[in-house]
Amino acid sequence: MKNINKTTVIIAISTMAIGLLLGWIIFGRSNENQTDEHNHTAMADSETIWTCSMHPQIRKSESGDCPICGMDLIPLESTDGELDPMAVSMSPTAMQLAQIQTMVVNKGKADKSIRLNGKVQADERLLSTQSSHIPGRIEKLSVNFTGEFVSAGQVLANVYSPELVTAQEELFEAKKIKETQPALFNAAKEKLKNWKLSDKQIDQIVKSNKTIEQFPILANVSGYVTKKMVNLGDYIKQGEALYEIADLSKVWVLFDVYESDMTWINKGDAVIYTVQSIPGKTFKGKISYIDPVIDPKTRVAKARLEATNKGLMLKPEMFTTGTIEAKTNTNYTSLTVPKTAVMWTGKRSVVYVMQMSAQGISFIMREVTLGPELGESYVIEEGLQPGEEIAINGTFSIDAAAQLAGKPSMMNPEGGVAMTGHNHGGNTNSNMETMPVSSKKTTLSEDAKKSLQPLFDNYFKLKDALASDDFEDAKASGVAMNNSLGKIDMNLFKGDAHSLWMQQSTALKPSLQHIEHLGDIKAIRGKFISISNLMIAIAESFAPLSTAIYIQNCPMADSNKGADWLSLDKEIQNPYFGESMLSCGENTKTIK
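Next up, the structure:
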């Protein structure tokens, strides 16, 4: 019995052990698989990282707003599976959030619309000076005011001339001995002809045998009196000018041509122009002459157009505005891209080319060589081929994503670890200070424009202080400008304007925040170069002032590299050299 119980116990224990082993194998592995599957799911859920295109150091596990600027966060996509390891991929959702737009590059005519300002002037070839051939005293003026029309042969004035009276008396005496001394009589007649008396007038004097005391001054040409230079009772010399007379049946229209536009404008180019004082009327003409020399003060050359002045509609000194559709070559076609597609670092120009593959859409940076500027676009000399598709809007968002992914970007063409904006290495130079900015024209509310006015007011004070060589005033204006920048409410900028303002203001701040610590005016002028470049971008983007703003350039500033600045006046007041070269520079563009 004991043996039976012992055997039963052993069998039971063995059975339990085998059962436990089988249970662990079956259920233990099942749980392990469940845990493993759960972890993979969790990893898949945590793969999407959300970041800000303007502040790439921000990374979150869920969508929302940037805690710094308030922009919508965009997903930072995984780069696994890209065909090109140098390209940055973007999902359709990310492209929509970043407002990325693309276009296919094609060849077209490299045409540029050039706007010219000018004035109507009298045709110099039809100007004449009416002078007196008789010396004496003006006894009568038949033409008493400027603007009066005179006809050729019309009496303009009557002159009493003692010399002419004496010459007539000599003629009468010579007439008495004409039979015996005819040469003397002829000499007396020739003397009268020296005062432009006609043979008919001389014959009348001889016939009447009476001295004429007042002689008429006759108009040589027909036209309008533009200048009156004598008055009744004046004594005049022989050959002295009395009037300036202009034939206004034809006039000149003289347009100002800046140096930067000289290569685009040629003799024979068609011009369509309007006159401010003749609204609704459009005139056409062709350039007949271009000055070979540039004016050293205004830095412009004159392009001349000749116009027939029917009904005297065009009056000298009228302001005109013309447009030329300039062409490099009628048979030449080039690749052209919008300015918004190009990112410029100062040394390099880059665009982002879109690529499509089975893994989705990606963008890769491409360096290009820019040709002539065509208003709102550029000619591409090298770097792109017809049919390629590029980003024309949202390029800064693509570039930020490329920096985050360590791919080639505008500021880091070789790729590598993304910059976060912090300075841990002790480097005192700010990357943000030299970062290029976009200047795309954007609609802005009146409240937002008003918020920008103190910033521009202090900028112009800074510019004036530098032009006056006033170090203390310049430093104080720079500090005030920095304070104005800090008070601008970013919430007033909506849509595209918001991201554009954040990019521009972020780049402007490093140039302003240390001005109060600079030791001399030369250092402030060095900062003023980057400040002006950024203020030009802001002005071109938002047009914040109701008055015109002039972009001016000094070719000798920044070690002869040239530098720009903004001004409210056309007159050059150079902030980079002050009194030593105050008038050096030119107006290159007007922002209205």
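In UniProt numbering, the protein residues as written are 1 to 592.
Glycine residues also receive a C-beta, built at the ideal position from the N, C-alpha and C atoms.
Residue i to residue j span [Cα, whole Å]
i, j, result
"proline 575", "glutamate 446", "30 Å"
"isoleucine 245", "serine 222", "8 Å"
"aspartate 269", "lysine 327", "9 Å"
"histidine 133", "threonine 226", "21 Å"
"isoleucine 364", "serine 349", "14 Å"
"isoleucine 114", "glycine 375", "8 Å"
"methionine 86", "lysine 407", "6 Å"
"lysine 193", "leucine 232", "25 Å"
"valine 104", "alanine 405", "26 Å"
"phenylalanine 283", "isoleucine 515", "52 Å"
"threonine 308", "glutamate 163", "45 Å"
"aspartate 506", "glutamine 385", "The question names aspartate, but residue 506 in the sequence shown is threonine. Rounded to the nearest angstrom, the two C-alpha atoms are 35 Å apart."
"alanine 391", "isoleucine 531", "28 Å"
"glutamine 181", "serine 208", "21 Å"
"threonine 35", "glutamine 359", "Any reading at threonine 35 must be qualified, since the residue scores a pLDDT of 38, below 50, and its modelled position is unreliable; the value itself is stated next. Distance between the alpha carbons of threonine 35 and glutamine 359: 30 Å."
"tyrosine 352", "lysine 339", "13 Å"
"glutamate 259", "asparagine 266", "13 Å"
"serine 377", "lysine 592", "19 Å"
"threonine 590", "lysine 60", "44 Å"
Residues near residue i by beta carbon distance below 6 Å, same chain, minus five either side
i, result
"serine 149", "Before going further, note that residue 149 is phenylalanine rather than serine in the sequence given. If we look at phenylalanine 149 and ignore the five residues flanking it on each side, its Cβ neighbours are Tyr224."
"leucine 508", "Leu534"
"proline 555", "Gly562"
"glycine 153", "Leu218"
Assigned secondary structure, residue i (DSSP; H/G/I helix, E/B strand, else coil)
i, result
"tryptophan 565", "strand"
"tyrosine 459", "helix"
"proline 454", "helix"
"methionine 356", "strand"
"lysine 592", "coil"
"glutamine 201", "helix"
"residue 616", "No information on residue 616 is available, as it lies outside the stretch 1 to 592 that the chain covers here."
"serine 128", "strand"
"serine 89", "strand"
"phenylalanine 471", "helix"
"methionine 481", "helix"
"serine 260", "helix"
"asparagine 491", "helix"
Contact belief for residue i with residue j at Cβ below 8 Å, rounded distance in angstroms
i, j, result
"alanine 301", "isoleucine 287", "That belief does not hold up - the Cβ atoms of alanine 301 and isoleucine 287 are roughly 11 Å apart, past 8 Å."
"glycine 383", "glutamate 373", "Wrong, their Cβ atoms sit about 16 Å apart, outside the cutoff."
"glutamine 168", "tryptophan 252", "Not confirmed; about 45 Å, so no contact."
"leucine 242", "methionine 229", "6 Å"
"valine 143", "leucine 171", "Incorrect: roughly 30 Å between the Cβ atoms, too far for contact."
Residues near residue i by beta carbon distance below 7 Å, same chain, minus five either side
i, result
"aspartate 520", "Phe471"
"valine 165", "Thr211, Glu213"
"leucine 500", "Ser438, Lys440, Thr442, Ser541"
"glutamate 240", "Ser131, Ser132"
"threonine 102", "Met354, Glu389, Ile390, Ala391, Ile392"
Cβ shell of residue i (< 8 Å), same chain only, five flanking positions each side left out
i, result
"alanine 44", "Bear in mind that the predicted position of alanine 44 carries a pLDDT of just 39, short of 50, making it too unreliable to give a figure here."
"serine 468", "Gly578, Glu579"
Range covered by the alpha helix (DSSP H) that runs through residue i
i, result
"asparagine 186", "182-193"
"leucine 404", "395-404"
"proline 510", "496-512"
"leucine 164", "162-176"
"methionine 535", "521-542"
"serine 288", "It is not in any alpha helix (DSSP H) - serine 288 instead sits in the beta strand (DSSP E) that spans 282-290."
"alanine 307", "Alanine 307 -> not in any alpha helix (DSSP H); beta strand (DSSP E) instead, spanning 300-308."
Host beta strand (DSSP E) of residue i (start-end)
i, result
"methionine 95", "Not the beta strand (DSSP E): methionine 95 falls in the alpha helix (DSSP H), residues 92-97."
"serine 132", "First-last for serine 132: undefined, no H or E at that position."
"phenylalanine 319", "319-327"
"leucine 141", "136-141"
"glutamine 101", "101-104"
Cβ-heavy atom distance, residue i to the ligand GTP, below 7 Å
i, result
"glutamine 181", "Of ligands this structure carries none, so the ligand GTP is not represented either."
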